[in-house]
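The next block holds one structure in the form of structure tokens; read it before the comments.
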Amino acid sequence: MMRSIALGTAAVAALTGTAYAQETIDVTLGVLNDRSGTYADLSGEGSVIAARMAVEDFNAEEKGLNVEILSADHQNKPDVGSNIARQWYEQEGVDAILDVPTSSVALAVADISNQMGGVLLNSGAGSTELTQGQCAPTTIHWTYDTAALAKGTGQAITEAGADKWYFLTADYAFGHSLEENTMNVVEEAGGEVVGSVRHPFPATDFSSFLLQAQASGADVIGLANAGGDTVNAIKQASEFGITQSGQSLAALLMFISDVHALSPETAQGLQLTEAFYWDQNDETREWSSRFEERHNAKPTMVHAGVYSAAMHYLRAVEAVGSTNNEEVVAHMKANSFDDPLFGEGYVRADGRVIHDMYLFEVKAPADSEGEWDLYEQKAVIAGEEAFLPMIDECDFSSEG
Amino acid sequence: MFELLGIPPQVLMGQLLLGLINGSFYAVLSLGLAVIFGLLNIINFSHGAQYMLGGFVAWMLLTYFGIGYWWALILAPLVVGATGLVLERLALSKLYHLDHLYGLLLTFGVALIIQGLFRNYYGISGQPYQIPEILSGGQNLGFMFLPNYRAWVVVASVIVCFGTWFMIEKTRLGAYLRAATENPVLVGAFGINVPRMIMLTYAFGVGLAGFAGVLAAPIYSVNPNMGADLIIVVFAVVVIGGMGSIMGAILTGYGLGVIEGLTRVFYPEGSAVVIFVIMAIVLMIKPEGLFGRGA
Amino acid sequence: MSDTATHSRKDATAGAPLLEVRGLEGWYGESHVLHGIDFDVREGEVVTLLGRNGAGKTSTLLAIMGILEKRKGTVLYGGTETIGMQPRHIARLGIALCPEERGIFASLNVEENLMLPPRIQEGGLSVERIYDLFPNLKERRRSQGTKLSGGEQQMLAIARILRTGARLLLLDEPTEGLAPVIVQQIGHTIKALKAEGFTIVLVEQNFRFAASVADRHHVVDQGRVVDMIPGEDLEANIDKLHAYLGV
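Protein chains in written order, with this note's numbering: chain A, 3 to 402; chain B, 3 to 297; chain C, 909 to 1155.
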């Protein structure tokens, strides 16, 4: 014990004595996500790696930031997630929590972060509530939300002429929210919703629901679910000849990890909206290949979001010179970014990050040149259009 | 055209058939549990993990050795059965003189370990496994499009269930098994190697889980959690049918598949709980289960 | 009966007894129930273990069979030490048990019960011969084992160990709870089995029945064999025996 304190002092002395005149700032980031369940592949350890890459790429050490990264599994349970978040803030000195997929957990952690002087840099969750009904001054919602997905997929498909929709919806908050958002978009674009069915979460067998969807006579079956549920639904739709019989599928929330699991044979032609794809430009390719070396898979948009959010956060900490949550968030909101992964964008006063979204179509096996060569870009949805407008109650600019 | 509670008969027929397909998995899995419980008196909590293993072994055979579905259907249950053999010899057999609870805890722990390992190596999204060429496509039955593979699932499960029932109820080997279930000491005193029989029975029950896993591989994604969700339902099926009753496990499996299928049409939100509601009712009215021999 | 069986019997009669029990001790868990049982059984003999309830008669049979979990001492069968063996290996030497509770399996029908114990060596009775001895069983062979009357169940419990080729039969209170006419029938059966060349150890409380079938009687008390009375001397020792049995 004595020895480690002595060593620590020596190290600090060496550090401060040589290169840096300024004091180091200790920053502790907590990556809280699903490490074992449905969302473990799209977030999980990959997000921890992304956060670590951000710290390295930022050259945190040279800039006088001493960054430590913690990680934990919230098991997609709000109570588990809340407990970890509270303990992190109270006992581990965590300054910001990253990722937090599963909307119910994210909303709980957003509240705790606000109460306990932390910041939630959310990448994994989709609920628009994070920056609408249940917004908080210390929540920053980086990557996507259900409204943006609905906008991308719902509007593009309806305008392309397939205007009768049937929804297959996961029976929990996220599914309902995704369904509702998409219904609004479809109806605004002149489409019609002919029905919907709510399936238990999680579910393995979708044949029954798919047959109900088939009987509805809809042009498009919208899958308002996520992860393994979406994968199974798509797989079984192809098995039951639903796509062959002329109906098409729209995955309202799908990640590249899911498409990879399905393989292009099953997923081809599927349209979906994402905020990031590894093969968009040289910068995304460079970063993604570094990521793949460490994780054996291409990054999802959630991983990319964790990286960019951590970057932007660290820039703010460096500029402000402390981890005071109000000052850091104010700096993040005041300064727009030009990010290698998300391009140009900014954090809106309500915490919603505004950047472009993309509509992709899954390539046919013949056009795919590799395991991860999966998407063809169909459209760009400008950030201002993709996300919901800010509501007055969530405009925190006056306080900032 | 007449409708039943607003549901056209074609849709109803389709849903009944789908229920039967799901019931096929319930039947094969609950049968394995019942066989194991009958002789070992152990509630095999690793059954779901062993079902998952079956799917993964099939996938590995294909990916690493180029061995296709039909061989996997035979080999994977053997491999999974062999792991069961090892588990029984090294661990379960040490617990027979203790309360049943210990066996349950052990198998539960084993399930967590197996699932954790596979999650670690293969992630959660699942691995693709294609339907064998000969069973791709399907039949238009008028009221629904029945994929050939699903029809095969029903046929294969009926064959396996009936075969197992026949073996246990009608053969000499089955007579040993039934006798050992009642009085293992006396059966041993007749010169029969009861420990070996117990070991092989466990391997067989576990092999059935592996078989179901291979059947499931082409239609559900092969992922480390595929058994974890299913197994809870299957336990409910076994409880409803009556622990240790072979025919009970089979019939309840198919029956509950159909009931669940119907719930998906009439009240989809309830389809996840209907089996548990039935379980609660059965436990109140007939605690030993519908086909149970009594406690 | 085959030649080999006849042959081995001659060998055994010539030398040591078929079963030799020396200083046999046994425990149920912590409770010490056998304190040194000694007796011999020669090839072809019918001997009894008589004694009060709890004297250790049944425990002796279970100890010979290897079922009693903890035991020590010596049990030689045909010269082979069996004290450390598993029940299934002891059974394979040619010893068979007909337990006190009869052990008829409810989930097996009569014929399945009868055919259950595997053949361990040549020399067992054929199924036809067994059905000759127990015609009731043939009539009811498709019935569930436990649907038989008590007497029929007892017949079945004895019948099924005759098929296997076992030469030493351990019968635990075969007359318990049965009507006199059935007891008589079982008496005939035991004599028939003796005539067939089986060696039998009979545990009994009904000593009149025992007297009618056995060559020798061992009196068991508090986990020990305290006396041995040859069959022909039984009348002369009747008072002593009454004292032992507390009748």
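For every residue, glycine included, the Cβ atom is placed at its ideal position computed from N, Cα and C.
1. Pull out every residue of the stretch 61-90 of chain B whose Cβ sits closer than 8 Å to any Cβ of chain F, in chain order.
2. On a CA-only basis, which of A:Thr148, A:Thr184, A:Asp173, A:Tyr174 is nearest A:Asp165? Give me that one, please.
3. Under 9 Å, Cβ to Cβ, is there at least one residue of chain C near B:Ala177?
4. With distances taken between CB atoms, is the gap from C:Ile881 to C:Thr956 smaller than 9 Å?
5. What are the boundary residues of the alpha helix (DSSP H) that C:Pro995 is part of?
6. Just the chain C side, please: which residues come within less than 8 Å of B:Glu184 by C-beta, in chain order?
7. Quick one, are the C-beta atoms of B:Val267 and A:Gln249 less than 9 Å apart?
8. Please determine, among A:Trp374, A:Met359, A:Glu373, A:Thr232, the residue with the shortest C-alpha to C-alpha distance to A:Gly385.
9. Quick check on the burial criterion: 16 or more other C-beta atoms within 10 angstroms. Buried or exposed for A:Gln89?
10. With 9 Å as the threshold, decide whether the Cβ of C:Thr1072 is near any Cβ in chain B.
11. For A:Tyr168, I'd like the list of residues in its chain whose CB is within less than 6 Å of its CB, leaving aside the five on either flank, ordered along the chain.
12. Do you know how far the Cα of A:Thr133 is from the Cα of A:Asp394?
13. Could you name the residues of chain B that C:Pro995 contacts, counting a contact when the two beta carbons are closer than 7 Å?
14. So, at 7 Å on beta carbons, what are the nonlocal neighbours of B:Gly139 in its own chain, with the 5 sequence-adjacent residues on each side left out?
15. Kindly indicate if chain A contains any beta-carbon less than 9 Å away from that of B:Pro197.
16. Name the DSSP beta bridge partners of B:Phe39, please?
17. Just the chain B side, please: which residues come within less than 7 Å of A:Glu373 by C-beta, in chain order?
18. Of all the options A:Val69, A:Ala138, A:Leu44, which has the alpha carbon lying nearest to the alpha carbon of A:Val2?
19. Name the chain C residues that come within less than 8 Å of B:Ala251, Cβ to Cβ?
20. Three-state secondary structure (DSSP) at B:Gln129?
21. Can you confirm whether the stretch 40-58 of chain B touches the stretch 73-89 of chain B when touching is taken to mean that 3 or more C-beta pairs between the two stretches lie within less than 8 Å?
22. Helix, strand or coil for A:Ser1, going by three-state DSSP, please let me know.
23. Please tell me whether B:Phe58 has its Cβ less than 9 Å away from any Cβ of chain A.
24. Take the Cβ of C:Glu1020 as the centre, count every other Cβ of all protein chains shown within 10 Å, and call the residue buried at 16 or more, exposed below.
25. So, under 8 Å CB-CB, A:Tyr377 and A:Phe389 are touching, yes? Tell me the CB distance rounded to an integer number of Å.
26. So, helix, strand or coil for A:Thr286, using DSSP?
27. Tell me which residues share the same chain as B:Phe27 and place their Cβ nearer than 6 Å to its Cβ, disregarding the 5 neighbours each side in the sequence.
28. Return helix, strand or coil for A:Glu276, following the three-state DSSP convention.
29. Starting from the beta carbon of A:Gly177, find every residue of chain B whose beta carbon is closer than 7 Å, and list them in chain order.
30. Taking C-beta pairs closer than 8 Å, name the residues in chain A that B:Arg121 reaches, listed in chain order.
31. For chain A, check one thing: does any of its Cβ atoms lie closer than 9 Å to the Cβ of B:Pro11?
32. Would B:Tyr135 count as contacting chain A if we go by Cβ distances under 9 Å?
33. How should B:Ser127 be labelled, buried or exposed, when 16 other C-beta atoms within 10 angstroms of its C-beta is the threshold for buried?
34. When we look at the beta-carbon of C:His943 and count the other beta-carbons within 10 Å, is it buried (16 or more) or exposed?
35. Which residues bound the beta strand (DSSP E) around C:Met1136?
36. Tell me, please, which residues DSSP counts as bridged to C:His940.
So, from the listed chains and residues:
1. Although the question refers to chain F, the structure presented lacks it and instead comprises the protein chains A, B and C.
2. A:Thr184
3. Taking Cβ atoms only, chain C reaches closer than 9 Å to B:Ala177, which makes this a yes.
4. In the structure as shown, chain C begins at 909 and stops at 1155. Residue 881 of chain C is therefore absent and cannot be evaluated.
5. 995-1001
6. Phe1013, Ala1014, Ser1015
7. no
8. A:Met359
9. With fewer than 16 Cβ atoms within 10 Å of its Cβ, A:Gln89 is classed as exposed.
10. yes
11. Around A:Tyr168: Val196, Gly197, Ala215, Ser218, Ala220, Ile223.
12. CA-to-CA, the gap between A:Asp394 and A:Thr133 works out to about 11 Å.
13. Gly190, Ala191, listed in chain order.
14. Asn150
15. no
16. DSSP output for B:Phe39 lists no bridge partner at all.
17. Within chain B, no residue comes near A:Glu373; the closest Cβ sits about 11 Å away, beyond 7 Å.
18. Because chain A in this structure spans residues 3 to 402, residue 2 of chain A falls outside the shown range and cannot be described.
19. Going along chain C, no residue has its Cβ under 8 Å from B:Ala251, so there is no contact; the nearest lies around 15 Å.
20. If DSSP states are grouped into helix, strand and coil, B:Gln129 belongs with the strands.
21. Yes: the two stretches touch, three or more of their Cβ pairs being nearer than 8 Å.
22. Look at the range of chain A in this structure, 3 to 402, and you will see that residue 1 of chain A is not part of it.
23. no
24. buried
25. About 21 Å separates the two Cβ atoms, so there is no contact after all.
26. helix
27. Ala214
28. strand
29. Chain-ordered listing is empty here: chain B has no CB closer than 7 Å to the CB of A:Gly177, the nearest sitting near 11 Å.
30. Ser38, Ala42
31. no
32. A small fix is needed here, since residue 135 of chain B is Glu in this sequence, not Tyr. Judged by the 9 Å Cβ criterion, B:Glu135 is not in contact with chain A.
33. buried
34. exposed
35. 1132-1138
36. C:His940 pairs with C:Trp935.
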